[in-house]
Amino acid sequence: MNATPGNGFAPWLADDGPAADTGLAWLDSRRAQARAQVRDQGIPTNKQEAWRYTSLTRLLEQGFTPTAKAATPLEPRDLEPLLVPGLEAYRVVLVNGRFVPGLSDLQHLPAGLRVGGLAQILKSDPDALKDRLNGVAGEAQHLFAALNTAGLDDGVVVLLERGAQVERPIELIHLSVGMDEPRVAQPRHVVALEAGAQASLIERYVSLGEALYCTNSVLELSLGRDAVLKHQRIQTESANAFHIAGLYLSLGAGSRYQCVNVGLGASWARTDLNVRFAGEHAECDLQGLYLAGDRQLMDFHLDVDHRLPQCSSRENFKGILYGKGRAVFDGRVYVAKDAQRTDAAMSNRNLLLSEGAEIDTKPQLEINADDVKCSHGTTVGQIEPEQLFYLRSRGISAPLARRMLCLGFAGEILDCLTPEALRDQVAEQVGSRLEQAPID
Amino acid sequence: MSASPAVEAIVESEYEHGFITEIESDTFLPGLDEGVVRAISARKGEPEFLLEYRLKAFRHWQTLATPRWAHVHYPEIDYQAISYFSAPKSKDGPKSLDEIDPALRETYNKLGIPIEEQMALSGIAVDAVFDSVSVATTFRTKLAEAGVIFCAISEAVHDYPDLIKQHLGSVVPHTDNFYAALNAAVFSDGTFVYVPKGVRCPMELSTYFRINARNTGQFERTLIVAEAGSHVSYLEGCTAPMRDENQLHAAVVELIAMDDAEIKYSTVQNWYPGDAQGRGGIYNFVTKRGDCRGARSKISWTQVETGSAITWKYPSCLLRGDDSVGEFYSVAVTKGRQQADTGTKMIHLGRNTRSTIVSKGISAGEGQQTYRGLVRIAAKAQGARNHTQCDSLLIGDRCGAHTFPYIEVKNPSAQMEHEATTSKISDDQLFYCRSRGLTTEDSVSMIVNGFCKQVFNQLPMEFAVEAQKLLSISLEGAVG
Amino acid sequence: MLSVKGLKANVGDKEILKGLDLEIGRGEVHAIMGPNGSGKSTLAHVLSGREGYTVTGGSVTFEGQDLLDLEPEARAHLGLFLAFQYPVELPGVNNTYFLKAALNAIRKARGEPELDAVSFLRLMKEKLKVLHLDDSLLKRPVNFGFSGGEKKRNEIFQMAILEPKLAILDETDSGLDIDALRIVADGVNALRSPERSVILVTHYQRLLDYIQPDYVHVLAKGQIIRSGGKELALELEDKGYGWLGAEEAA
Chain A
2 MNATPGNGFA PWLADDGPAA DTGLAWLDSR RAQARAQVRD QGIPTNKQEA WRYTSLTRLL
62 EQGFTPTAKA ATPLEPRDLE PLLVPGLEAY RVVLVNGRFV PGLSDLQHLP AGLRVGGLAQ
122 ILKSDPDALK DRLNGVAGEA QHLFAALNTA GLDDGVVVLL ERGAQVERPI ELIHLSVGMD
182 EPRVAQPRHV VALEAGAQAS LIERYVSLGE ALYCTNSVLE LSLGRDAVLK HQRIQTESAN
242 AFHIAGLYLS LGAGSRYQCV NVGLGASWAR TDLNVRFAGE HAECDLQGLY LAGDRQLMDF
302 HLDVDHRLPQ CSSRENFKGI LYGKGRAVFD GRVYVAKDAQ RTDAAMSNRN LLLSEGAEID
362 TKPQLEINAD DVKCSHGTTV GQIEPEQLFY LRSRGISAPL ARRMLCLGFA GEILDCLTPE
422 ALRDQVAEQV GSRLEQAPID
Chain B
13 MSASPAVEAI VESEYEHGFI TEIESDTFLP GLDEGVVRAI SARKGEPEFL LEYRLKAFRH
73 WQTLATPRWA HVHYPEIDYQ AISYFSAPKS KDGPKSLDEI DPALRETYNK LGIPIEEQMA
133 LSGIAVDAVF DSVSVATTFR TKLAEAGVIF CAISEAVHDY PDLIKQHLGS VVPHTDNFYA
193 ALNAAVFSDG TFVYVPKGVR CPMELSTYFR INARNTGQFE RTLIVAEAGS HVSYLEGCTA
253 PMRDENQLHA AVVELIAMDD AEIKYSTVQN WYPGDAQGRG GIYNFVTKRG DCRGARSKIS
313 WTQVETGSAI TWKYPSCLLR GDDSVGEFYS VAVTKGRQQA DTGTKMIHLG RNTRSTIVSK
373 GISAGEGQQT YRGLVRIAAK AQGARNHTQC DSLLIGDRCG AHTFPYIEVK NPSAQMEHEA
433 TTSKISDDQL FYCRSRGLTT EDSVSMIVNG FCKQVFNQLP MEFAVEAQKL LSISLEGAVG
Chain C
2 MLSVKGLKAN VGDKEILKGL DLEIGRGEVH AIMGPNGSGK STLAHVLSGR EGYTVTGGSV
62 TFEGQDLLDL EPEARAHLGL FLAFQYPVEL PGVNNTYFLK AALNAIRKAR GEPELDAVSF
122 LRLMKEKLKV LHLDDSLLKR PVNFGFSGGE KKRNEIFQMA ILEPKLAILD ETDSGLDIDA
182 LRIVADGVNA LRSPERSVIL VTHYQRLLDY IQPDYVHVLA KGQIIRSGGK ELALELEDKG
242 YGWLGAEEAA
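What follows is the structure, encoded as structure tokens:
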């Protein structure tokens with residue numbers, strides 16, 4: 002263990018971001034607490050279960066620092082190549098972690114929907130956030146959540162009033178552009194759907210060029226009674242980027258949440274999905290697809306806390322590993338005492354396609370109630386020779402046949418993406434990555 | 013060489029409780045230091061290499077901390093409050109059953125292990141361990157004819173020092189873990205089996221373990237070496253009488269299989285689990301590991317774990333030889349306040365290595381049960397295969413069943429499948445059985461035995477029957 | 002068109018084909034019959050280039066080209082098609098996408114232009130109609146969740162799209178009830194043409210009631226032991242394989 006714990010990440014703690022001088026006592030005390038946690042907690046090592054297979058060395062070597070300086074102003078046309086063709090959405094754009102109203106498209110928001118920048122709302126209406134900021138993440142135990150709180154800067158707030166149903170998806174674009182030095186951005190998002198509200202949220206992580214940067218985002222999400230949210234997260238960061246994302250979810254009684262995760266980009270990516278049931282009869286569906294190619298690390302941690310009875314959860318993650326790609330899947334389903342009639346099924350399937358690729362997977366069940374239906378399944382394998390032969394006997398070349406079978410494997414997750422425009426774009430991105438992949 | 017104060021005073025044990033054999037016992041005072049280690053070695057008249065080995069292990073153990081990662085909870089163990097040596101007082105050592113202390117034989121009868129009868133009826137060679145020293149070994153002649161060595165490890169140290177020197181600690185090094193280091197420092201006695209090249213051991217080998225003397229840690233050491241083309245099946249059964257203090261048991265078992273050799277190691281473990289409040293009961297912290305050193309070798313572990321307050325045990329296979337096979341079949345029952353953290357490690361190193369894991373956990377009352385397993389497929393293990401099946405059965409709403417598999421795959425030709433399920437005995441199943449005239453207990457027993465069948469099928473016949481009986485007895489009263 | 006001379010092939014150490022000769026001309030339909038274990042499926046697999054079979058002797062030429070050195074896809078490009086006895090399921094791989102990729106690969110290999118999406122769709126609709134198949138077939142993953150009969154019909158459908166020069170139907174009749182058998186046979190008959198040769202590999206005469214072969218061969222112990230016209234099949238139906246000295250393999 003490092004003799005001076007916490008120091009490795011000390012430079013991440015900004016003093017002068019836009020949200021630094023809000024003068025809000027409650028916020029200052031939370032940030033101070035988080036700073037103390039970062040200081041005291043030290044740098045996790047592989048002795049800690051949550052970091053057993055993922056080393057922070059490469060991340061720390063980059064010497065990331067936050068910046069108060071805004072990126073060179075971008076124009077809407079700069080954004081165009083990064084959009085999903087044909088996708089109609091209420092669009093919020095962050096550049097290097099900061100909300101940029103000029104690139105966003107938030108006109109004509111329907112009644113009951115409020116979308117805005119976090120720093121802005123902390124100034125204009127802090128009470129709207131007082132109970133919500135850290136309300137779900139809690140006095141976070143996760144180092145990167147604490148770092149995010151300590152370095153709190155900007156982000157996006159999405160509030161949906163009771164019963165409001167928004168047809169059009171809300172699209173949250175995290176755009177990163179290269180800066181003078183390796184920079185870390187730590188956006189913080191707060192999404193809350195009140196009782197009966199329904200919406201669709203698309204989060205996309207994109208970059209201009211092959212910039213080296215780090216994103217450490219935290220999203221706190223709460224669903225009220227019977228609220229419904231479809232959440233799609235598409236990570237296509239630059240090949241040099243470091244990507245850290247923490248999701249903290251609180252699901253109210255009868256609410257339904259679906260999250261489709263696609264991890265394709267970044268050199269080093271770690272995503273933590275933390276789900277807590279806050280009412281009975283809630284449903285949670287977590288789907289995931291990850292590709293890891295040369296020297297890429299793709300790490301997904303799932304923690305689903307069935308603390309109340311009669312909730313159901315599905316966790317279905319699939320990975321394709323090639324080159325020297327590495328993936329880590331660590332899924333935990335916890336069923337508390339008395340959380341009867343819990344229904345949970347976790348699955349993690351992987352295709353390992355080349356020498357040097359590696360998968361470390363750890364699907365865990367912790368069950369403390371007896372009237373439950375819980376299962377998990379994990380596989381690591383390759384493309385079936387019979388399937389390959391079948392395709393080849395129909396005249397399809399071996400490389401194309403392999404790619405088709407990989408896409409077929411991924412299809413189950415890709416088919417969860419909506420609307421079709423998004424699905425098609427992501428499928429194409431997956432296809433073109435596989436085309437580059439040395440999987441023959 | 014002078015012994016420590018702890019060893020200087022050797023006392024007669026006091027027997028205050030009912031089910032304790034009245035036999036003169038020779039026990040060290042509690043405490044552990046280098047002097048104790050030297051004294052144990054001296055008492056056994058061990059050669060210098062073994063003393064050196066023990067001391068090396070002891071010095072390493074002192075640098076280690078108790079492992080905390082297991083999903084079990086128990087009060088801190090005071091290793092200075094444990095006595096590290098206890099031997100039945102016998103002048104010259106019995107050569108036949110007739111020479112065995114009648115009180116000892118009476119104990120076996122109480123435990124339902126009538127030695128003569130068993131030997132006569134089943135033809136099983138019995139190496140009974142009473143406390144820490146072997147006192148009876150039979151069928152030696154017949155085994156000797158086949159060239160099989162089956163004896164106490166303390167005898168083997170004298171009679172076959174080269175074999176011991178070569179193999180002891182070669183699978184579980186003294187640096188392996190806290191309990192393995194402790195065992196290497198203070199191991200009391202245990203069993204040594206050596207099956208020469210091409211020999212098929214003519215009978216099932218069996219040892220009955222028993223823990224008796226108060227405050228006495230049990231540190232068994234078992235070493236089985238199967239030379240090329242040989243075959244051996246070893247049965248280990250344990251039982252312990254009622255006690256009201258925790259007893260530590262930290263055994264080490266090492267198996268070595270050379271080319272084409274096969275070792276089948278079966279365990280029925282039924283030590284005292286503690287009372288309803290969780291008092292007493294054995295702490296069973298065991299390190300078991302098999303080394304499939306040779307090509308096409310096979311090591312198969314089968315265990316039925318119903319006893320002990322805490323079980324911490326991961327019989328593992330190092331699949332080093334090409335085409336070698338590792339198997340782990342387990343039934344574990346926890347009830348009352350029992351806790352079990354058990355599973356296996358399959359380390360695939362050789363080409364075309366295969367492993368199978370079948371784990372059946374049954375939790376009742378406030379029992380806590382954890383499967384913890386590692387399947388590692390190394391980069392060079394071309395063509396490795398693993399199939400893992402982990403099923404948990406919960407009986408009652410206060411127990412817990414946990415599954416922590418670790419799967420690490422670095423070879424792109426590996427095929428690995430892991431499945432886990434959790435279920436309970438449904439009211440419908442119970443009702444169906446009862447409507448056919450079965451009692452609730454019989455119904456539960458039948459359903460549970462069905463749940464475990466895949467594992468029981470792996471046991472030698474006489475053990476399978478015993479295991480089924482044990483399971484039924486263990487679950488008596490589990491369903492209200 | 003296809004010329005097999007003295008073909009010997011092993012599975013592992015075991016010799017299955019022991020010097021097999023077979024000549025197939027353009028537009029001909031040949032039935033290869035034989036008891037279980039006689040090597041019928043091995044022949045079908047060796048011709049299509051499946052792994053796991055070692056050719057130890059003899060030659061196979063297809064339109065003058067040595068077939069045995071070619072990759073499976075190259076054989077398909079030449080116009081060879083195997084209708085599998087057990088078509089494999091391809092979860093997640095859409096039938097339409099799959100067939101379009103296959104057809105365009107074959108066309109490309111022949112120097113023909115690839116079909117665009119519209120023309121391809123038109124072609125599929127047309128073939129579905131000829132074979133009296135439902136177009137729900139197009140949206141499903143290849144063979145995934147198909148019944149036995151659906152899988153066999155899908156094989157025939159693929160054959161219709163890919164228009165091979167030589168189709169090998171490996172026990173296409175096995176596991177089909179009489180209605181399914183008729184649908185499959187009608188499909189094959191609809192695809193008969195002077196340009197297309199067919200090898201029907203079958204254990205039973207039943208299929209030959211619906212698809213009339215020009216020639217019938219009896220395969221036993223790895224060799225063709227008898228050849229004749231379609232009346233040979235009827236004779237086999239009456240007398241079994243025993244009279245030819247071709248008992249069921251042990």
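Chains as they are written, first to last, in this note's numbering: chain A, 2 to 441; chain B, 13 to 492; chain C, 2 to 251. Glycine included, every Cβ here is placed at the ideal spot set by N, Cα and C.
From the beta carbon of residue i, is the nearest beta carbon of chain A less than 8 angstroms away?
i: L69/C; result: no
i: H360/B; result: no
i: E167/B; result: no
i: Q427/B; result: yes
i: P114/C; result: no
Do you know how far the Cα of residue j is from the Cα of residue i?
i: E429/A; j: L192/C; result: 36 angstroms
i: S278/B; j: I311/B; result: 11 angstroms
i: V169/C; j: Q86/C; result: For the sequence presented, residue 169/C should be read as Ile rather than Val. Going by the C-alpha atoms only, they are around 10 angstroms apart.
i: V159/A; j: R115/A; result: 6 angstroms
i: P126/B; j: S218/B; result: In this prediction, P126/B scores a pLDDT of 47, lower than 50, which makes its location untrustworthy; the coordinate-derived value is nonetheless stated afterwards. Approximately 14 angstroms between the Cα atoms of the pair.
i: A221/C; j: G59/C; result: 18 angstroms
i: P45/A; j: A51/A; result: 8 angstroms
i: V467/B; j: C407/A; result: 37 angstroms
i: P439/A; j: T365/B; result: 26 angstroms
Taking only beta-carbon atoms, is residue i less than 8 angstroms away from chain C?
i: F65/A; result: no
i: G396/A; result: yes
i: A399/A; result: yes
i: R226/A; result: no
i: G409/A; result: yes
i: E436/A; result: no
Within 7 angstroms: the Cβ of residue i and any heavy atom of the ligand COA?
i: L148/A; result: The ligand COA is absent from the structure shown, which contains no ligand whatsoever.
Would residue i pass as an interface residue toward chain B - the criterion being a Cβ-Cβ separation below 8 angstroms?
i: G382/A; result: yes
i: L298/A; result: no
i: T216/A; result: no
i: V305/A; result: no
For residue i, which residues does DSSP report across the bridge?
i: I179/C; result: Per DSSP, none; premise fails for I179/C.
i: F65/A; result: Its beta-bridge partners do not exist; DSSP assigns none.
i: Y364/A; result: According to the sequence displayed, residue 364/A carries Pro and not Tyr. Paired residue(s): G332/A.
i: E316/A; result: L287/A and M347/A
i: V217/C; result: A32/C and G229/C
i: N95/C; result: P142/C
i: K9/C; result: K19/C and G58/C
i: L247/B; result: S218/B and S278/B
Residues in the stretch 311-330 of chain A having any Cβ partner in chain B nearer than 7 angstroms: none
Can you give me, in chain order, the residues of the stretch 402-420 of chain B that have a beta carbon less than 8 angstroms from any beta carbon in chain A? S404, L406, I407, G408, D409, R410, C411, G412, A413, H414, T415, F416, P417, Y418, I419 and E420
With three or more beta-carbon pairs closer than 8 angstroms as the criterion, would you say the stretch 220-237 of chain A touches the stretch 368-388 of chain A? no
Against chain A: residues of the stretch 34-55 of chain C by CB proximity under 7 angstroms: S49, R51 and E52
Which residues, in chain order, does the stretch 238-263 of chain A contribute to contact with chain C at a C-beta distance below 8 angstroms? none
To be precise: take each residue of the stretch 347-374 of chain A, compare its Cβ to all Cβ atoms of chain B, and keep it if any distance is under 7 angstroms. Which residues remain? L353, L354, S355, E356, A358, E359, I360, D361, T362, K363, P364, Q365, L366, E367, I368, N369, A370, D371, D372 and V373
Does the pairing of the stretch 162-177 of chain A with the stretch 193-202 of chain A give three or more beta-carbon distances under 8 angstroms? yes
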